[in-house]
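Residue numbers for the sequence shown follow our numbering, so the first one is 46 and each next one is one higher.
Don't be surprised by glycine CBs; every beta carbon is placed ideally from N, CA and C.
Since the model is a prediction, treat every value here as computed from it, not as a measurement.
Presented below is the structure to which this report refers.
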Amino acid sequence: MKRKIYKSYIAIATALALLTGCGDDFINQPPTDSIVDANFYKTDAQVLAASAPLYNAVWFAYNDKASHGIGDGRGGVLSANYSYQLENITFRTTGATAENYASWRAFYNVVGQSNVLINNLNKYAGADVTDGIKQHAIAEARFMRGLAYAYLVQNYGAVPVFTDNIAILQDTTVTRNTVESVWEFICRDIRYGTTHLPETPVAKGRLTKWAAEGMLAKMYLTRAGVGQSGSRNQTYLDSARVLAKDVIENSGASLMADYEELFKMKNNNNSETLFALQWVYNGDWGTQNSVQAFLAFSSSITGTADGWGGDLGASIYMLSKYEGLVQNGIFGSTPDKRRKASFMLPGDHYSYIHQQVLDNNGNSVIQELVVPTGASGYNTRAWIKKYVVGRAEDNDGKVLQQRTEIQTYMLRLADVYLVYAEAILGNNASTSDAEALKYFNMVRTRAGVPEKTSLTWDDIFNERHLEFAMEGQMWYDFVRLHYYDPQRAYDILSNQHRGFTRITPDDPDAATSWKIEPDPDYTGQTTFSVGDGNFNLPIPENELAKAPSLRREPVPYVFQ
Numbered sequence: 046m047k048r049k050i051y052k053s054y055i056a057i058a059t060a061l062a063l064l065t066g067c068g069d070d071f072i073n074q075p076p077t078d079s080i081v082d083a084n085f086y087k088t089d090a091q092v093l094a095a096s097a098p099l100y101n102a103v104w105f106a107y108n109d110k111a112s113h114g115i116g117d118g119r120g121g122v123l124s125a126n127y128s129y130q131l132e133n134i135t136f137r138t139t140g141a142t143a144e145n146y147a148s149w150r151a152f153y154n155v156v157g158q159s160n161v162l163i164n165n166l167n168k169y170a171g172a173d174v175t176d177g178i179k180q181h182a183i184a185e186a187r188f189m190r191g192l193a194y195a196y197l198v199q200n201y202g203a204v205p206v207f208t209d210n211i212a213i214l215q216d217t218t219v220t221r222n223t224v225e226s227v228w229e230f231i232c233r234d235i236r237y238g239t240t241h242l243p244e245t246p247v248a249k250g251r252l253t254k255w256a257a258e259g260m261l262a263k264m265y266l267t268r269a270g271v272g273q274s275g276s277r278n279q280t281y282l283d284s285a286r287v288l289a290k291d292v293i294e295n296s297g298a299s300l301m302a303d304y305e306e307l308f309k310m311k312n313n314n315n316s317e318t319l320f321a322l323q324w325v326y327n328g329d330w331g332t333q334n335s336v337q338a339f340l341a342f343s344s345s346i347t348g349t350a351d352g353w354g355g356d357l358g359a360s361i362y363m364l365s366k367y368e369g370l371v372q373n374g375i376f377g378s379t380p381d382k383r384r385k386a387s388f389m390l391p392g393d394h395y396s397y398i399h400q401q402v403l404d405n406n407g408n409s410v411i412q413e414l415v416v417p418t419g420a421s422g423y424n425t426r427a428w429i430k431k432y433v434v435g436r437a438e439d440n441d442g443k444v445l446q447q448r449t450e451i452q453t454y455m456l457r458l459a460d461v462y463l464v465y466a467e468a469i470l471g472n473n474a475s476t477s478d479a480e481a482l483k484y485f486n487m488v489r490t491r492a493g494v495p496e497k498t499s500l501t502w503d504d505i506f507n508e509r510h511l512e513f514a515m516e517g518q519m520w521y522d523f524v525r526l527h528y529y530d531p532q533r534a535y536d537i538l539s540n541q542h543r544g545f546t547r548i549t550p551d552d553p554d555a556a557t558s559w560k561i562e563p564d565p566d567y568t569g570q571t572t573f574s575v576g577d578g579n580f581n582l583p584i585p586e587n588e589l590a591k592a593p594s595l596r597r598e599p600v601p602y603v604f605q
């Protein structure tokens with residue numbers, strides 16, 4: 046029964062709300078599948094089955110490639126020479142860039158499917174559906190919708206807000222809503238979950254009150270800068286602090302002891318996870334995590350025909366953040382355990398990932414991964430490790446081409462710790478607040494780097510680079526800064542060294558230190574100017590063609 050319901054919902058996601066246009070195409074057609082029939086929402090199990098795809102399929106088009114192209118590529122984490130991510134990395138993203146359209150499509154798919162669920166539950170929920178489960182599913186949908194709008198407003202600025210898929214069908218003059226009113230809508234949606242979601246999940250991986258509080262804290266931290274100049278709104282900073290502290294003290298969540306363990310499939314939904322997208326490797330298309338296919342440097346470590354990430358690598362800007370790695374321009378070892386869990390340097394050894402290689406006799410063998418060094422004794426990429434889980438035999442058989450089921454972190458407890466520290470810092474130049482230092486240093490201690498005795502904005506900003514590289518987060522940290530200090534955001538982005546490296550290990554089979562320098566053979570551009578004209582993503586061209594009204598000045602959203 047659940048399988049049948051699930052497939053039915055995916056059919057709606059495909060046929061109904063892929064949002065390929067605006068105006069009369071903004072939603073393709075109203076839902077006609079039996080899932081919206083009055084006979085469907087008769088039990089708690091049916092209601093939960095209807096909300097399950099909000100945890101994977103509707104996010105697939107963003108998670109697939111766009112999340113690391115926009116979140117990490119635009120944020121300065123990545124370098125590339127010919128990759129499909131090049132337009133994002135070089136700030137030449139256009140209205141026709143594939144990852145741009147995929148993002149817009151995915152976010153409005155989340156919105157559309159959330160609206161379907163909310164409206165149908167209010168119309169069709171049967172007498173046997175408990176009020177708690179009905180409100181739970183509505184809270185899930187509102188949380189997802191609010192989060193989708195958060196991504197939309199941070200990437201595109203003013204965007205249209207709608208809650209009724211049918212009404213939008215008749216609207217040929219859809220207009221954007223102001224950034225301030227979109228943020229109000231976001232906070233109302235996610236705040237609903239703080240009172241209508243349970244403290245413990247109704248099923249593994251489902252949202253809880255703590256996920257809603259933690260995400261709302263992060264939203265308030267960002268919203269604190271909206272409409273401000275030079276400083277942030279203290280009321281929102283205080284709200285972020287209070288909510289984050291409640292999650293820290295009462296959720297029961299705890300940091301994983303070993304950072305590298307966070308990114309193994311066997312540890313999905315671990316003690317640190319507050320909200321993650323839930324994937325299956327062998328389900329219908331769009332229910333799997335496909336990112337390994339695009340991030341892994343070779344098919345030799347995926348065991349399939351994918352592994353297309355050989356051109357991608359950490360930028361010099363990103364590598365320079367690791368303490369101990371940069372010393373007077375000569376790069377050595379680093380005590381930061383997050384580096385090896387995030388990026389592969391030549392000579393790194395991973396006992397839990399295997400690689401197909403040729404032995405001295407030319408025979409194909411499978412052995413534990415030692416990241417290869419080029420024939421010249423160096424490599425020009427710090428290849429991506431995070432979300433690369435390896436072959437089927439490394440993961441109990443749960444890997445196929447473009448298919449794994451490692452969860453996608455959307456909110457970890459470490460994020461809440463850093464949100465809490467930044468909310469306490471607020472508009473101050475520095476802080477020695479014991480609480481802020483306690484939780485900030487817990488993140489650092491796990492990584493094996495020295496504690497700090499006081500905090501500045503730069504300390505927290507850099508720590509977020511190190512903690513969340515390749516989790517699609519970095520761009521949104523720049524957006525948070527841009528809201529109240531745009532010039533500082535432009536200056537940092539415009540001076541990031543996004544060029545290639547030459548990485549020479551001390552031992553190609555068991556490296557313990559490296560010399561990492563700008564690649565002398567690379568003659569391309571390494572920095573890219575960022576300003577008001579290219580900070581926001583442009584609305585996809587086909588959307589503007591179908592709805593020219595999106596070019597109009599935004600108007601405040603009218604709450605009902």
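Output yes if chain B places a C-beta closer than 9 Å to the C-beta of residue i; else output no.
| i | result |
| --- | --- |
| residue 268 | Given the protein chain composition of this structure (a single chain), no chain B is represented. |
Starting from residue i, trace the beta strand (DSSP E) in both directions and tell me its first and last residue.
| i | result |
| --- | --- |
| residue 409 | 409-415 |
| residue 158 | Here residue 158 belongs to no beta strand (DSSP E); instead the alpha helix (DSSP H) covers 143-169. |
| residue 401 | 394-403 |
| residue 457 | 453-457 |
| residue 561 | 559-563 |
| residue 115 | Neither: residue 115 is in no beta strand (DSSP E) and is coded neither H nor E. |
| residue 134 | Taken as a continuous stretch (DSSP letters only), residue 134 belongs to no beta strand (DSSP E), being part of the alpha helix (DSSP H) at 131-134. |
| residue 547 | 546-550 |
Which one of the options has the shortest CA to CA distance from residue i?
| i | options | result |
| --- | --- | --- |
| residue 596 | 495, 176, 201 | 201 |
| residue 555 | 600, 417, 223, 239 | 417 |
| residue 578 | 137, 130, 101 | 137 |
| residue 206 | 186, 255, 188, 228 | 228 |
| residue 509 | 489, 588, 586 | 489 |
| residue 601 | 222, 269, 345 | 222 |
| residue 306 | 242, 348, 383 | 383 |
| residue 534 | 515, 513, 503, 352 | 503 |
| residue 443 | 96, 175, 348 | 348 |
| residue 588 | 148, 106, 100 | 148 |
| residue 265 | 241, 242, 234 | 234 |
| residue 594 | 126, 94, 203 | 203 |
| residue 294 | 469, 301, 484 | 484 |
| residue 604 | 127, 226, 351, 292 | 226 |
| residue 130 | 420, 354, 88 | 354 |
| residue 566 | 126, 219, 403, 325 | 126 |
| residue 143 | 109, 532, 581 | 109 |
Rounded to whole angstroms, how far is the Cβ of residue i from the Cβ of residue j, which I believe are closer than 8 Å?
| i | j | result |
| --- | --- | --- |
| residue 260 | residue 320 | 7 Å |
| residue 122 | residue 519 | 5 Å |
| residue 585 | residue 145 | 6 Å |
| residue 271 | residue 528 | 5 Å |
| residue 318 | residue 101 | Not confirmed; about 15 Å, so no contact. |
I need the boundaries of the alpha helix (DSSP H) containing residue i, first residue and last residue.
| i | result |
| --- | --- |
| residue 190 | 176-201 |
| residue 426 | Per DSSP, residue 426 belongs to no alpha helix (DSSP H) and is neither H nor E. |
| residue 387 | 383-387 |
| residue 227 | 224-241 |
| residue 586 | 586-591 |
| residue 102 | It is not in any alpha helix (DSSP H) - residue 102 carries neither H nor E in the DSSP assignment. |
At a threshold of 8 Å, does residue i count as lining the ligand SAH (C-beta to nearest heavy atom)?
| i | result |
| --- | --- |
| residue 427 | As presented, the structure is devoid of all ligands, the ligand SAH included, so that no description of it is given. |
Review point. Can at least three beta-carbon pairs, one atom from the segment 532-547 and one from the segment 354-362, be found at a separation below 8 Å?
Key: Three or more beta-carbon pairs drawn from the segment 532-547 and the segment 354-362 are found closer than 8 Å, and the two stretches are therefore classed as touching.
Practice item. Count the C-beta pairs between the segment 391-406 and the segment 437-450 that are closer than 8 Å, then say yes if the count reaches three, no if not. Key: The segment 391-406, when compared against the segment 437-450, does touch it at the 8 Å Cβ threshold.
Point to revise | Any 3 or more C-beta pairs closer than 8 Å across the segment 277-294 and the segment 429-436 | key: Judged by Cβ distances under 8 Å, the segment 277-294 makes no contact with the segment 429-436, as fewer than three pairs qualify.
**Study point:** Inter-stretch contact at 8 Å, needing at least 3 Cβ pairs: the segment 418-425 / the segment 323-339
**Key:** Because the criterion of three Cβ pairs below 8 Å is not met, the segment 418-425 and the segment 323-339 do not touch.
Check your understanding: Is it a yes or a no for the segment 442-457 touching the segment 307-321, going by three-plus beta-carbon pairs under 8 Å?
Key -> Enough Cβ pairs lie closer than 8 Å, so yes.
Review point. Counting pairs of Cβ atoms below 8 Å between the segment 567-575 and the segment 185-197, do you hit three or more?
Key: The segment 567-575 vs the segment 185-197: no contact.
Review point. Is there contact here, the segment 380-393 with the segment 468-487, by at least three beta-carbon pairs under 8 Å?
Key: Per the Cβ contact rule, the segment 380-393 is not in contact with the segment 468-487 (fewer than 3 Cβ pairs under 8 Å).
Check your understanding: Are at least three pairs of beta-carbons, each pair with one atom in the segment 115-123 and one in the segment 545-563, less than 8 Å apart?
Key -> The segment 115-123 is not in contact with the segment 545-563.
Review point. For the segment 304-362, which segments carrying the alpha helix (DSSP H) assignment without a break, of at least 4 residues, lie completely within its bounds, in sequence order?
Key: Counting whole runs of 4 or more residues, the segment 304-362 contains the alpha helix (DSSP H) stretches 336-340.
Practice item. Tell me the start and end of each unbroken alpha helix (DSSP H) in the segment 243-311 that is at least 4 residues and wholly inside, in chain order. Key: Fully enclosed alpha helix (DSSP H) runs of no fewer than 4 residues occupy 254-268, 279-295 of the segment 243-311, in order along the chain.
Practice item. Give a yes or no on contact between the segment 235-254 and the segment 171-181, applying the rule of three or more CB pairs nearer than 8 Å. Key: Segments in contact, yes.
Practice item. Answer yes if the segment 456-467 comes into contact with the segment 506-520, meaning at least three C-beta pairs across the two stretches below 8 Å, and no otherwise. Key: These segments touch.
**Study point:** In chain order, each beta strand (DSSP E) run of at least 3 residues that lies wholly inside the segment 473-538
**Key:** Runs of the beta strand (DSSP E) inside the segment 473-538: none found.
Check your understanding: Are at least three pairs of beta-carbons, each pair with one atom in the segment 155-163 and one in the segment 89-109, less than 8 Å apart?
Key -> These segments touch.
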